[in-house]
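Beneath this line is the structure, given in structure tokens, with notes to follow.
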Amino acid sequence: MPVWDERESEEFISPQYNLHLSFRHADRSAALPFLGGIGTITPFYLPNQEATDTMRTRFAPSPTGYLHIGGARTAFYSWLHARKHGGRFVLRIEDTDRERSTEASVNAILEGMTWLGLEYDEGPFFQTDRFDRYAEVIQQLLDKGLAYRCYCTREELDDLREQQMARKEKPRYNGKCRVGAQAREGVEPVIRFKNPTEGAVVIDDLVKGRVVIQNSELDDLIIARSDGTPTYNLTVVVDDWDMGVTHVIRGDDHLNNTPRQINLLRAMEAELPIYAHVPMILGEDGKRLSKRHGAVSVMQYREDGFLPEALLNYLVRLGWSHGDQEVFSMDEMIELFDIKDVNGAASIFNQEKLLWLNQQYIINAEPEYIAHHLGIHLGKLGIDPSEGPDILLVVKAQQERAKTLVEMAQISEFIYRDFDEFDPQAAKKHLRPVAQEPLEKMKAALAALEDWSIEALHQTVQQVSEALELKMGKVAQPLRVAVVGRAASPGIDETLALIGKEATLRRIDKALGFILQRVQAG
RNA sequence: GCUCCCUUCGUCUAAUGGUUAGGACGCUGGCCUCUCACGUCGGUAAUAGGGGUUCGAAUCCCCUAGGGAGCACCA
Numbered sequence: 005m006p007v008w009d010e011r012e013s014e015e016f017i018s019p020q021y022n023l024h025l026s027f028r029h030a031d032r033s034a035a036l037p038f039l040g041g042i043g044t045i046t047p048f049y050l051p052n053q054e055a056t057d058t059m060r061t062r063f064a065p066s067p068t069g070y071l072h073i074g075g076a077r078t079a080f081y082s083w084l085h086a087r088k089h090g091g092r093f094v095l096r097i098e099d100t101d102r103e104r105s106t107e108a109s110v111n112a113i114l115e116g117m118t119w120l121g122l123e124y125d126e127g128p129f130f131q132t133d134r135f136d137r138y139a140e141v142i143q144q145l146l147d148k149g150l151a152y153r154c155y156c157t158r159e160e161l162d163d164l165r166e167q168q169m170a171r172k173e174k175p176r177y178n179g180k181c182r183v184g185a186q187a188r189e190g191v192e193p194v195i196r197f198k199n200p201t202e203g204a205v206v207i208d209d210l211v212k213g214r215v216v217i218q219n220s221e222l223d224d225l226i227i228a229r230s231d232g233t234p235t236y237n238l239t240v241v242v243d244d245w246d247m248g249v250t251h252v253i254r255g256d257d258h259l260n261n262t263p264r265q266i267n268l269l270r271a272m273e274a275e276l277p278i279y280a281h282v283p284m285i286l287g288e289d290g291k292r293l294s295k296r297h298g299a300v301s302v303m304q305y306r307e308d309g310f311l312p313e314a315l316l317n318y319l320v321r322l323g324w325s326h327g328d329q330e331v332f333s334m335d336e337m338i339e340l341f342d343i344k345d346v347n348g349a350a351s352i353f354n355q356e357k358l359l360w361l362n363q364q365y366i367i368n369a370e371p372e373y374i375a376h377h378l379g380i381h382l383g384k385l386g387i388d389p390s391e392g393p394d395i396l397l398v399v400k401a402q403q404e405r406a407k408t409l410v411e412m413a414q415i416s417e418f419i420y421r422d423f424d425e426f427d428p429q430a431a432k433k434h435l436r437p438v439a440q441e442p443l444e445k446m447k448a449a450l451a452a453l454e455d456w457s458i459e460a461l462h463q464t465v466q467q468v469s470e471a472l473e474l475k476m477g478k479v480a481q482p483l484r485v486a487v488v489g490r491a492a493s494p495g496i497d498e499t500l501a502l503i504g505k506e507a508t509l510r511r512i513d514k515a516l517g518f519i520l521q522r523v524q525a526g
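Going from the first sequence to our numbering is simple: count from 1 and add 4.
Written as structure tokens, this is what we have:
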């Protein structure tokens, strides 16, 4: 069973989760009555569904891994489409492949969607709970003569395929058992759908436009394996129909499956959904996104310090645009996004642009929001934020300086603890003998300072600079390297304020020691 | 191999037959400045190739090339 973050589960997962429980464990024969034969079947409606004319989109991942970037985008597009039109967004888990499906993957997918904030209105439904229903539809197709048992063995099919490939033909089933096939000893038959042999299937795809496929290109696909379990093309079609899905938004790797599914839908005399096939997302090398490309799991982006809003904004702009606008609020995305405007071409995932967007979101976010997430990343560095200054002050000081929350934690480390070594480059440039006097003067002035406020600190640095007749940079930079260890930090006054008086004086001493050592070393 | 989809700066995209082909990321030069960053002003860089149609093509048609997907008792 999924393990939820208590706080988040209350908000929007819980209702579906309860339904999931009741759906999985209830007496299905009572809960899900089926009616009639082919032609008179009316789609049944799952317990929480309302009117049949409600627009519905769905996300239907197979739980064989985490939620990846491509899946997240199609889920998001489906979600946006439903939200925009006041429809419902359905989550369905396609777990009929029992070899590869895992509970852990289901949880990973739900966790990913939760993090992104893609709450679903119905589901999650599990296909493994619906085998009775699939069996029923298959039987009806059989009764109607729209499907048949095929007794060809795997070996025979393999041979057939090889021969066809050798002849440079498209491999497909030859329809041997289509008429008058006899049961064979020791062969458990599969069930095939009798695909039309003539004519063409027309798909008016919202993204790809009109796509026409000749039925002569299609063969009689298997809808039930020899062990009786249904296959993908059958289950999607039955589910989309039963669940009242009106808009099928999915990856364009499914475009080639669509004509088969349409033929199946027609055989069941079901209403056809509207299709939208969105293109793939490619890695930086132009190849299909894979583990080689690093962070492909959406949860990895959380680990890496990205905000979910930034990731969604990036994904919506990947393949879609609204004039010159780059940054969109969630409301704007819902209002402006239109699946019809999605580009038909595959696009390359560009980490640099995502980083830029993430920084924009960090800059514009409420400090409280950032602080909440920053705490986690500080914790990973072994830092307890409560042992330092108010974390809101840290966020405000660093907000414009980090592309990710991980980076923000890293560049804030100096606030919480002394560093071990000076950055060699920075020390070489700034901790030189000429810096000795400014540092000593600063130390004295700071030691005497009672009011450790940003304003007072600013004045102090300025006064010391003026007294030495130096530009402020000549004083502030050595001081910065002394207390931060590096040449970059927030304004020197803010920096000192965050570090505190005691640590500041201690670190200046250390820097003076460093310079002395350097002089002696020659 | 066959079928389907796709092709504008390095990347994401705008331009629905008439624009000096626009914006954004990146890279880069200036400004701002105590550093870094933010911000700001500039620069760099594209219609895959070839044929048509048209007064006029990134845009419509055809061919070629390149990329992707599908052709499973996976989803």
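Glycine residues also receive a C-beta, built at the ideal position from the N, C-alpha and C atoms. These numbers were taken from a predicted model, which means no experiment stands behind them.
About 7 Å separates the CB atoms of S457 and A501; that is less than 8 Å, so the two are in contact. Closest option to G121, judged by alpha-carbon separation, among I519, P312, V410 and G489: P312. Put simply, the backbone Cα of G383 is about 14 Å away from that of I419.
Taking all protein chains in view, the Cβ of V249 is crowded by 16 or more other Cβ atoms within 10 Å, so the residue is classified as buried. When the five nearest sequence neighbours on each side are left out, the beta carbons in the same chain lying within less than 8 Å of the beta carbon of R60 are those of A86, G91, R92, F93, V94, E126, M247, G248, V249, T250 and H251, in order along the chain. Nearest to D422 by C-alpha distance, out of R511, G213, Q524 and T78, is R511. Excluding sequence positions up to five before and after P193, its CB lies within less than 6 Å of the CB of R153, C154 and Y155, all in the same chain and listed in chain order.
Straight-line spacing of the CA atoms in D256 and P263 works out to 13 Å. Per the C-alpha coordinates, the member of V141, G69 and F130 positioned closest to T106 is G69. For E126, the beta-bridge partners assigned by DSSP are V94. Between the alpha carbons of E115 and R306 lies a distance of about 11 Å.
Across the structure, L316 and F80 are spaced so that their CA atoms are roughly 8 Å apart. Along the stretch 157-219, the beta strand (DSSP E) occurs as fully enclosed runs of 3 or more residues at 194-197, 204-209 and 213-218, listed in sequence order. The criterion of a C-beta distance shorter than 9 Å is not satisfied by F130 and D162. Residue pairing for S325: DSSP places it in no beta bridge. Closest in C-alpha terms to I278, from the list V465, L461 and L269, comes L269. When C-beta atoms of the stretch 469-480 are compared with those of the stretch 505-522, fewer than three pairs fall below 8 Å, so the two segments do not count as touching.
Contact between A491 and Q481 holds, since their C-beta atoms are separated by about 7 Å, short of 8 Å. For I519, the enclosing alpha helix (DSSP H) starts and ends at K505 to A525.
Its Cα nearest to that of L520, the residue P437 stands out among I113, I380, P437 and I217. Taking L378 as reference, the option from Q524, P175, A274 and D308 with the minimal CA-CA separation is D308. Cα atoms of V487 and A451: separation of roughly 14 Å, rounded to the nearest angstrom.
Residue environment: S390 is assigned as exposed (fewer than 16 neighbouring CB atoms within 10 Å of its CB, all protein chains considered). When C-beta atoms of the stretch 387-402 are compared with those of the stretch 334-353, fewer than three pairs fall below 8 Å, so the two segments do not count as touching. Excluding five sequence positions before and after R484, the CB atoms of its chain that fall closer than 7 Å to its own CB belong to A491, S493, I496 and T499, given in chain order. Looking from the CA of A460, the closest CA among E441, K505 and A431 belongs to K505. For L268, the three-state secondary structure derived from DSSP is helix.
With 16 or more other CB atoms across the displayed protein chains lying within 10 angstroms of its CB, T235 is buried. Take the alpha-carbon of A449 and the one of D455: they are about 12 Å apart. Here N237 is buried: its Cβ has 16 or more other Cβ atoms, across all protein chains shown, within 10 Å. The residue among R134, D136, V191 and L225 with its C-alpha nearest the C-alpha of G179 is L225. Under the DSSP assignment, A486 falls in the alpha helix (DSSP H) whose first and last residues are M476 to V488.
Scanning its chain for C-beta atoms nearer than 8 Å, with the 5 sequence neighbours on each side dropped, one finds around N267 the residues F197, N199, P200, V205, N219 and L222, in chain order. For the beta strand (DSSP E) assignment, the stretch 358-428 encloses no uninterrupted run of at least 3 residues.
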